[in-house]
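Residue numbers (our numbering): 1 to 111.
What follows is the structure, encoded as structure tokens:
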């Protein structure tokens, strides 16, 4: 914890900051929150997808067949999740930069 910034002073400042950001551009703030949430969930989703892919590959190998059909859904899900990951990284950066610019304009205008 920062010295001199106990919970009694930090909460009002955090509330004021959140209110200022929301009033400046609620859409970008929501987009940033959403992309952060998506980026937080993606590693678990990718891990589950890889687990499913490995389990399907082991099952196909145990059957002694050369069949790709059981692997295709997991490969598609992995591709989709990887694409969502790449797009969410770009969107997160875009939203953060735009929000920073909007806040700079707002604060400069208020001063």
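Don't be surprised by glycine CBs; every beta carbon is placed ideally from N, CA and C.
For this session: Evaluate residue 1 with the Cβ neighbour count: other Cβ atoms within 10 Å of its Cβ, from every protein chain shown; 16 or more gives buried, anything less gives exposed.
Result: Unreliable positioning characterises residue 1 in this predicted model, as indicated by a pLDDT of 49, which lies under 50. The coordinate reading is nonetheless provided below. By the neighbour-count rule (16 or more Cβ atoms within 10 Å), residue 1 is not buried but exposed.
Exercise. Going by other Cβ atoms of all chains shown within 10 Å of its Cβ, with 16 needed for buried, is residue 56 buried or exposed?
Worked result: By the 10 Å Cβ count, residue 56 comes out buried.
Exercise. For residue 107, which residues of its own chain have a beta-carbon under 6 angstroms away from its beta-carbon, when the five flanking residues on both sides are left out?
Worked result: Apart from sequence neighbours up to five positions away, no residue of its chain approaches residue 107 with a beta-carbon distance below 6 angstroms.
For this session: Tell me whether residue 83 is buried or exposed, calling it buried when 16 or more other Cβ atoms sit within 10 Å of its Cβ.
Result: Result: exposed.
Exercise. From which residue to which residue does the alpha helix (DSSP H) around residue 69 run?
Worked result: DSSP places residue 69 outside any alpha helix (DSSP H), giving it a letter other than H or E.
Problem set entry | Proximal residues to residue 88 (C-beta, below 6 angstroms), its chain only, five neighbours per side dropped | These residues qualify, in order along the chain: 35, 38 and 39.
Exercise. Which first and last residues belong to the alpha helix (DSSP H) in which residue 55 is found?
Worked result: 26–63 is the extent of the alpha helix (DSSP H) around residue 55.
For this session: Between the Cα of residue 58 and those of 47, 24 and 71, spot the shortest distance and give me the residue it belongs to.
Result: That would be 71, whose Cα lies nearest to the Cα of residue 58.
Exercise. Is residue 8 buried or exposed, if buried means 16 or more other CB atoms sit within 10 Å of its CB?
Worked result: So residue 8 counts as exposed.
Problem set entry | Separation of residue 67 from residue 60, as counted between CA atoms | Distance between residue 60 and residue 67, taken at the CA atoms: about 7 angstroms.
Exercise. Since residue 92 and residue 20 are thought to touch, with beta carbons under 8 angstroms apart, how far apart are those beta carbons, to the nearest angstrom?
Worked result: Actually they do not touch by this definition, with Cβ atoms about 20 angstroms apart.
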